[in-house]
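Everything below concerns the one structure shown next.
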Amino acid sequence: MPNPHAGLPRAFDLSRLGYFADFVLVPPAALLLLAGALWRGLPWPVLLAALAAGMFAWTLAEYWIHRSVFHGANRFAAMHDLHHALPKDMIGVASWGSLASFALICCGLAVVVGWDLASVLTAGLMLGYLFYCVIHVCMHHNGARGFGRYGALMLRLHRGHHRGGRGNYGVSSPLWDIVFRTYHPVN
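Each residue of the sequence shown is one higher than the last, beginning at 1 in our numbering.
Dropping the structure here:
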């Protein structure tokens, strides 16, 4: 029987441990960033505002990555096409890739806004990413049960995306699909 993952780079063909590693690695990394900013004296109101801003920024990053990178003309597109064909398979970006990306983002932000704000903004991005991971895994492995009407809506939109591949790029939010006119209602 032919291997449906043949030709897929090893970094995208994940083991069960690799597939779920972000659930173990991202929370403590985000908490360390938050704790460091608090320890250095960042005021709570600033921390909460920056955390919310980072989580909101994740929704745009998620949309852009999904639309431009995973559906673009690059090496990630083949991995993502296979994910569309085999949505229950353990295909994705390895945790070292996501954590390295967050580290680079944090360093870049630090140059612009300083370490404390960069740490909290990055923690917000990471928590937004974690929510995306949770809802995406649930969509493919348990039908997004536990997310109520919101989960049912996002599941319908995501399944519609898997059927057509055009539009409905947001997994955790339809906001940017609405803004950029890639939202397609699905019955």
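All C-beta atoms, glycine included, are put in the ideal place defined by N, C-alpha and C. Just so you know, these numbers come straight off a predicted model, no measurement behind them.
Per DSSP, Arg-40 lies in no alpha helix (DSSP H) and is assigned neither H nor E. Two segments are said to touch when three or more pairs of C-beta atoms, one from each, lie closer than 8 Å; by this definition the stretch 38 to 57 touches the stretch 112 to 128. Within the stretch 36 to 123, the runs of alpha helix (DSSP H) at least 4 residues long that lie entirely inside it are, in chain order, 44 to 64, 75 to 85 and 95 to 113. By the neighbour-count definition (other C-beta atoms within 10 Å, threshold 16), Trp-96 is an exposed residue. Note on geometry: alpha-carbon atoms of Leu-25 and Cys-106 lie some 16 Å from one another.
With contacts defined as CB atoms closer than 8 Å, Met-79 and Leu-8 qualify as a contacting pair. Take Ala-110, set aside five residues on each side of it, and the residues of its chain with a beta-carbon closer than 6 Å to its own are Ala-118, in chain order. Below 8 Å, enough C-beta pairs join the stretch 126 to 138 and the stretch 164 to 172 to call them touching: three or more. Beyond the five residues adjoining it in sequence on each side, Tyr-63 comes within less than 6 Å, by CB distance, of Tyr-169, Gly-170 and Trp-176 in the same chain, given in chain order. Our two residues, Tyr-183 and Ala-94, have alpha carbons roughly 28 Å apart in a direct line. For His-184, no alpha helix (DSSP H) segment is defined, and its DSSP state is neither H nor E. Its Cα nearest to that of Ala-85, the residue His-161 stands out among Pro-28, His-161 and Ser-101. Contact check for Val-120 against Leu-51 passes: the beta carbons are separated by less than 8 Å. Cβ atoms of Gly-167 and Leu-155 stay farther apart than 8 Å, at about 15 Å. Nearest to His-83 by alpha-carbon distance, out of His-136, Ile-178, Ala-73 and Ser-101, is His-136.
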